[in-house]
Amino acid sequence: PALLGISFLIAAILQRATAHPIRILANAVNAIAKRPGLDLRLTHSYGGELGELFDGFNAMITQLNHAREKLNNEKIRLETTLESIAEGVITTDLDGNIRYINPEACNLLGRREEECRAKPLNEIFVTINETTRNPMMDQTRSCLKDGMVCVNLTNTLLKTSSKQLLAIQSSIAPIQVQSGEITGAVLVFRNVTESREMARRLEHQASHDSLTELLNRVEFESQLQNLVKNLVDGKQHALLYLDLDQFKIVN
4 PALLGISFLI AAILQRATAH PIRILANAVN AIAKRPGLDL RLTHSYGGEL
54 GELFDGFNAM ITQLNHAREK LNNEKIRLET TLESIAEGVI TTDLDGNIRY
104 INPEACNLLG RREEECRAKP LNEIFVTINE TTRNPMMDQT RSCLKDGMVC
154 VNLTNTLLKT SSKQLLAIQS SIAPIQVQSG EITGAVLVFR NVTESREMAR
204 RLEHQASHDS LTELLNRVEF ESQLQNLVKN LVDGKQHALL YLDLDQFKIV
254 N
């Protein structure tokens, strides 16, 4: 009986000596789970396997903090880049609601960030066809559902909050994680009003006479050839020819 009692006593002491450091580790893990950014180090004087457990825990915390710091630096760098570029950038969640909008996008839309955040993209980003003036098809749904990248380079006008129309080029693409799962969409657009107007002026100057504003000879011949080429049976076109005396002197 005495030997049995001593055995139970030794077992109880060993259990207490092992349970106490394990409890310390469990409490530390729970504390970090509740506060992920907590920089917690465990001091100890244990040797053997318990000492290795404590040292491994401290090494794991160090690696987690380094990874968290690196991720935070990358986030700051990305946000700084997005806030500095001259293009509007908007990201959405899977429901098409705005999660992020950069300053240039706010500037082009004529809205404040708080007006846009969590709102449906198709309520904030409203576009019409430049030729027909009809509303453009909402491409967010097909992007989020099918993973399609949609690009609009011409004939797109953006309606701002003040009802002003801006010529834009835009593209929307899905945001995919490493597994391939789509988690949202990113829209990038820029104002091309000035460049599009300049292109129109150059096109007009290349095809019209600067004095009369009539079609020049090159454009006239081009349109005449198209009419002849696309002539349909039973359909006729008329050509009026005027001969002005001394036109060179008048011109």
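If you read the sequence shown in my numbering, its first letter stands for residue 4, the second for the next number, and so on.
Every residue, glycine too, gets a C-beta built ideally from N, C-alpha and C.
Only a predicted model underlies this, so the values are computations on that prediction, with no experimental measurement involved.
query, result
"Grouping DSSP H, G and I as helix and E and B as strand, with all else coil, what is R193?", "strand"
"Compare the beta carbon distance of R193 and G91 with 8 Å and say whether it is the shorter of the two.", "yes"
"Since L160 sits in a beta bridge, which residues does DSSP pair it with?", "I131, A170"
"Count the other C-beta atoms from every protein chain shown that fall within 10 angstroms of the C-beta of Q181, then say buried if there are 16 or more, exposed otherwise.", "exposed"
"Closest by CA to E222, which one among N233, G237, V189, E206?", "E206"
"Below 7 Å CB to CB, which residues in the same chain sit around S164 once its five sequence neighbours on both sides are set aside?", "L112, G113, R114"
"Starting from the N-terminal side, write out each stretch of the alpha helix (DSSP H) that is 4 residues or longer and does not extend beyond the stretch 77 to 163.", "106 to 112, 116 to 119, 124 to 127, 143 to 149"
"Residues in its own chain within less than 7 Å of D143 by CB, not counting five upstream and five downstream?", "The amino acid at residue 143 is misidentified as Asp; the sequence shows Thr. T95, G99, L124, N125, I175, A188, listed in sequence order."
"Candidates L190, P24, V154: which alpha carbon is nearest I104's?", "L190"
"Should I27 and L43 be called a contact, given that it needs their Cβ atoms to be closer than 8 Å?", "no"
"DSSP on T65, reduced to helix/strand/coil?", "helix"
"Using 10 angstroms around the beta-carbon of A108, count the other beta-carbons present and answer buried if the total reaches 16, otherwise exposed.", "buried"
"I need the DSSP call for Q226, collapsed to helix, strand or coil.", "helix"
"Alpha carbon to alpha carbon, how far is D212 from D248? Give it in angstroms, no decimals.", "19 Å"
"So, under 8 Å CB-CB, L160 and T130 are touching, yes? Tell me the CB distance rounded to an integer number of Å.", "6 Å"
"Would you mind working out which of D246, R38, L45 sits nearest A62, comparing C-alpha positions?", "L45"
"Taking the C-alpha atoms as reference points, what is the distance between A34 and G59?", "17 Å"
"Which residue's Cα is closest to the Cα of L97: E197, E184, L67, N158?", "E184"
"My output table needs one value for P24: the three-state DSSP class, helix, strand or coil.", "helix"
"Give the secondary structure of A255 by DSSP, where H, G and I count as helix, E and B as strand, and everything else as coil.", "Only positions 4 to 254 of the chain appear in this structure, which leaves residue 255 out of reach."
"Apply the 10 Å Cβ neighbour rule to M201 and answer buried if 16 or more other Cβ atoms are within range, or exposed otherwise.", "exposed"
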